[in-house]
Structures are given as structure tokens and as C-alpha cells.
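Asker: First the structure, then my questions, so here it is.
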Amino acid sequence: MKNSELSHIQPSPLSTERIFDCYLFINPIGKQCYHCEQEVMKFIERTPYKVHVHFIPFHNFKSVTQYMKNNQLNNKNIDLRNEIYTKIYDACLSYKAALLQGKKLGRAFLMELQTQLHLLHKEYTPELLQEIIQTIGLDEKMFYEDKSSKLVHQEYERDQQIAQEMMVESNPSLVIFDNLNQQFGVILHENISADMIEHVCENLHHAIDKCPKKTQKHQPCCVIKMVH
Numbered sequence: 757m758k759n760s761e762l763s764h765i766q767p768s769p770l771s772t773e774r775i776f777d778c779y780l781f782i783n784p785i786g787k788q789c790y791h792c793e794q795e796v797m798k799f800i801e802r803t804p805y806k807v808h809v810h811f812i813p814f815h816n817f818k819s820v821t822q823y824m825k826n827n828q829l830n831n832k833n834i835d836l837r838n839e840i841y842t843k844i845y846d847a848c849l850s851y852k853a854a855l856l857q858g859k860k861l862g863r864a865f866l867m868e869l870q871t872q873l874h875l876l877h878k879e880y881t882p883e884l885l886q887e888i889i890q891t892i893g894l895d896e897k898m899f900y901e902d903k904s905s906k907l908v909h910q911e912y913e914r915d916q917q918i919a920q921e922m923m924v925e926s927n928p929s930l931v932i933f934d935n936l937n938q939q940f941g942v943i944l945h946e947n948i949s950a951d952m953i954e955h956v957c958e959n960l961h962h963a964i965d966k967c968p969k970k971t972q973k974h975q976p977c978c979v980i981k982m983v984h
């Protein structure tokens with residue numbers, strides 16, 4: 757992985773305290789991703805260790821197919837595929853724009869969006885977006901200016917590059933590093949639960965020794981190397 761692309765998400769500095777950095781790659785409107793986020797937060801609440809968590813939007817044609825299959829939609833319908841692709845892309849940009857008003861508001865935006873979609877079963881529409889902006893107290897003018905800005909689009913593209921260099925293929929995917937071994941991390945593509953995250957963190961050094969290196973697609977658990 758290139759240092760230039762990952763410089764702003766380096767694992768925490770080495771210290772006597774064990775610290776984990778978790779990078780969850782998500783589709784902001786995906787139900788599976790919503791459930792995985794809940795599991796990550798559950799892990800954070802019960803672990804004795806300090807955890808830095810980062811929710812990173814990841815979007816490609818494969819994620820569209822995955823979303824459509826999960827929602828039992830006809831993934832051969834080209835018009836519908838284009839519509840879904842546009843919705844996911846728009847949601848990614850919206851989340852990045854909300855983050856520019858602070859991590860707290862960015863996280864609140866994502867949580868409220870997912871609540872509206874997955875608990876209240878609403879559709880992702882401009883009207884829903886407007887409702888969420890007002891509910892969580894975002895600066896509306898700033899939000900829409902940021903969403904269409906070059907900066908937000910660059911940040912979105914940087915996220916896609918980070919996903920590629922961390923060998924993320926689908927979402928949700930979780931990459932875990934700790935400050936005791938900053939060079940290697942473990943990536944989970946399946947079974948992302950609080951129990952599994954806890955198990956991986958408790959046994960991270962053993963996992964790095966035993967898990968296969970990331971050499972092919974569809975490996976449920978494997979090791980990736982970060983180049984400093």
C-alpha cells in the first residue's frame with residue numbers, strides 16, 4: 757500500500773497502552789453494513805482497550821450487485837442498476853459532506869440515515885435527505901455546497917483508493933490494526949460480529965502468524981501489510 761494514500765489514517769502511535777484502529781468499509785444505505793456498524797459499536801462498548809473506529813464509504817459495481825441481491829432486486833435490470841448506483845454514490849457524497857461539519861455530526865448523519873432507511877423503511881430521496889439535515893442540525897447551505905465541491909469528490913475518491921490498497925473487495929469489510937504491530941493488519945469480509953472482532957483483537961498477533969496472506973479474492977479472513 758502506498759504511504760501517500762494512507763498517511764492520514766496511520767495506526768495510532770506506539771505506546772504502552774494497547775490501541776486498536778478499526779476501518780469499516782460500508783455502503784451507507786446497505787442494511788448489512790448497518791448491522792455490522794452496530795456490532796462494531798457493541799465491541800467498543802465492552803472492550804477494555806481503546807479503539808479508534810473509522811467508517812469509510814466504499815462503492816463500486818460489485819457493491820451495487822451485492823446490494824441488489826441482498827434486497828432481492830433484479831440485478832439484470834440496467835435502469836434499476838443505474839438508479840441504485842446513483843443512490844449509493846449520492847449517499848457516500850452526502851456522508852462525506854456531513855463529516856466536514858465535524859465527526860460528531862457526520863456520525864449523527866449516518867446513524868439517522870440508516871434509522872430512516874432500515875428501521876422506518878423509508879426510501880432514499882432528496883426529501884429524506886432534507887429531513888435528516890434538519891433533524892440533526894446540519895448547516896444546510898454549507899452541506900449542499902460541500903457535497904458538490906471538488907474537496908468532497910476528492911475525499912470520496914481517496915476512500916476508494918484506500919479500499920483498493922487495503923484489498924477491500926466488498927462491503928461490509930473490517931480492517932483491524934493495533935499499535936503493537938503497525939505493519940500488519942487483519943481484514944474480515946464475513947462474520948463481522950462483536951464476538952468475532954473481540955476474538956481477532958485478543959489474538960491479533962496469533963492471527964497474523966496463522967491467517968493466510970491476502971493473495972486471492974473471497975478470503976473471509978486474511979492478513980494485509982501496511983507499507984510505511
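The numbering of the sequence shown is our numbering, which starts it at 757 and goes up by one. The beta carbon of each residue, even a glycine, is placed where N, CA and C say it ideally should be. Keep in mind the model is a prediction, meaning the values are calculated, not measured.
(1) For E896, which residues from the same chain have a beta carbon less than 7 Å from its beta carbon, with the 5 sequence-adjacent residues on both sides left out?
(2) How big is the Cα-Cα spacing for E883 and P784?
(3) If you draw a straight line from the C-alpha of I892 to the C-alpha of F865, how long is it?
(4) For E901 and G862, I'd like the C-alpha separation in whole angstroms.
(5) The beta strand (DSSP E) spanning H808 covers which residue range?
(6) Under the DSSP definition of a beta bridge, which residues are partnered with N937?
(7) Give the straight-line distance between the Cα atoms of M1024 and Q794, rounded to the nearest whole angstrom.
(8) Thinking A919 and F781 are a contact (beta carbons under 8 Å), I'd like their distance in whole angstroms, please.
(9) Hey, quick one: how far does the alpha helix (DSSP H) through D951 stretch, first residue to last?
(10) Please state the DSSP three-state secondary structure of K973.
(11) Does the segment 827-847 come close enough to the segment 930-947 that 3 or more CB-CB pairs lie under 8 Å?
(12) Who are the Cβ neighbours of M909 in its own chain at under 8 Å, not counting the five residues just before and after it?
Answerer: In short:
(1) I889
(2) 17 Å
(3) 7 Å
(4) 16 Å
(5) K806 to P813
(6) D934
(7) Residue 1024 lies beyond the stretch modelled for the chain, which goes from 757 to 984, so this question has no answer here.
(8) 5 Å
(9) A950 to E958
(10) Annotation note: pLDDT 47 at K973 (below 50); position unreliable, no value reported.
(11) no
(12) Residue identity check: residue 909 is His in the sequence provided, not Met. L849, listed in sequence order.
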